[in-house]
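Data block below; observations after.
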């Protein structure tokens with residue numbers, strides 16, 4: 002199976018990168034073809050210009066590459082921290098530039114964009130791994146877990162991806178090496194379950 006893996010974290014020694022390496026290793030072990038992307042290392046440009054917004058056209062080779070890959074993969078794994086209840090800006094820009102009309106979704110002919118789109122992605126399963134320094138009780142009671150809504154309802158459902166599993170590892174800042182080791186083991190199990 003062809004699977005795209007995206008990590009959006011600027012610090013190479015972060016737990017997000019340990020998750021990224023674990024995911025890639027697990028997928029390779031299971032003999033999947035992996036398109037692995039470290040957005041910061043690639044220097045992915047998240048800025049959507051007015052012209053690109055209007056017509057979808059770009060000469061940015063990375064954006065073109067990511068668009069071509071996202072159209073053909075059957076699996077997607079995204080790894081990022083929870084920053085202000087949102088993905089990092091570089092990942093939001095990736096969504097703006099890659100998950101475009103005509104690539105990830107389309108509206109019926111004559112629809113001005115106010116209707117319900119049809120998802121175009123071939124992705125059967127999407128996994129999202131998040132890290133957070135907010136305890137679960139506070140996340141739910143105070144913030145309502147906005148990342149759950151963003152990924153499941155606002156992004157994947159819009160693009161026709163209905164099997165979505167999201168796992169949050171928390172709290173990262175005070176975690177021990179033993180906890181992190183257990184979390185990486187859990188990550189491997191999740192990847193093996195969804196992409197054997």
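Residue numbers (my numbering): 2 to 197. We treat Cβ as the ideally placed atom computed from N, Cα and C, and that holds for glycine.
query                                                                                                         : result
Range of the contiguous beta strand (DSSP E) that encloses residue 166                                        : 164 to 171
Close beta carbons around residue 119, own chain, < 8 Å, minus the five adjacent residues each side           : 106, 107, 108, 109, 161
Cα-Cα separation, residue 127 to residue 78                                                                   : 6 Å
Three-pair Cβ contact test at 8 Å for the stretch 49 to 61 versus the stretch 96 to 103                       : yes
Classification of residue 21 by the beta-carbon crowding that lies within 10 angstroms, buried from 16 upward : buried
Assigned secondary structure, residue 95 (DSSP; H/G/I helix, E/B strand, else coil)                           : helix
According to DSSP, residues forming a beta bridge with residue 107                                            : 119
Residue from 71, 39, 30 whose Cα sits closest to the Cα of residue 123                                        : 71
Neighbourhood of residue 14 by C-beta, 8 Å cutoff - its chain only, sequence neighbours within 5 removed      : none
Three-state class that DSSP yields for residue 159 in the structure shown                                     : coil
Reference residue 38, options 31, 60, 68, closest by Cα                                                       : 68
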